[in-house]
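Below is one structure, written out as structure tokens; the observations come after it.
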Amino acid sequence: QVQLVQSGGGLVQPGGSLRLSCAPSGSIRTISIMNWFRQAPGKEREFVAGIPWSVESPYYADSVKGRFTISKDNAKNTMYLQMNRLKPEDTAVYYCHAIIRGRDPAWGQGTQVTVSS
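All the letters of the sequence shown, read from the start, carry residue numbers 15 to 131 under our numbering.
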């Protein structure tokens, strides 16, 4: 099994930056792709960014392209989401997600990001 523990998030003014972290543990070698999703109040959960665990090939939702950067440090077994030029519409609970070979996907506990002046 794989467990995901998130950190980061908080309150930031429009135009500011935040970094989220996600640390998988357990059967890490079974992870194929890791993603970030978010869910705003009253809205469905939506994809934000993703990256294969074994190669550097990130991909992004159009709404965050050019502002957010997903990355990973395999030596530290940690994935990051650097969020720059944040907008009020980025306010949401952000979830780390892992696609695991042969098992159901894993989800992190979620972390609140609030963009407000």
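Quick reminder that beta carbons are idealized off the backbone N, C-alpha and C, glycines included. Source: prediction; values computed, not measured.
Spatial neighbours of residue i in its chain, beta-carbon cut-off 6 Å, leaving aside the 5 residues before and after
i, result
"residue 96", "33, 83"
"residue 56", "none"
Three-state secondary structure assigned by DSSP to residue i
i, result
"residue 128", "strand"
"residue 117", "coil"
"residue 72", "coil"
"residue 99", "coil"
"residue 83", "strand"
"residue 33", "strand"
"residue 44", "helix"
Residue i and residue j closer than 7 Å at C-beta
i, j, result
"residue 20", "residue 106", "no"
"residue 122", "residue 25", "no"
"residue 50", "residue 69", "no"
"residue 23", "residue 127", "yes"
"residue 65", "residue 79", "no"
"residue 47", "residue 91", "no"
"residue 81", "residue 59", "no"
Other residues of its chain near residue i: CB distance less than 8 Å, five sequence neighbours each side excluded
i, result
"residue 116", "44"
"residue 102", "28, 129, 130"
"residue 114", "16, 41, 44, 45, 46, 120"
"residue 73", "63, 64, 65"
**Validate contact between the segment 104-121 and the segment 34-43 using beta carbons, cut 8 Å, 3 pairs** = The segment 104-121 makes contact with the segment 34-43; the number of CB pairs closer than 8 Å reaches 3 or more.
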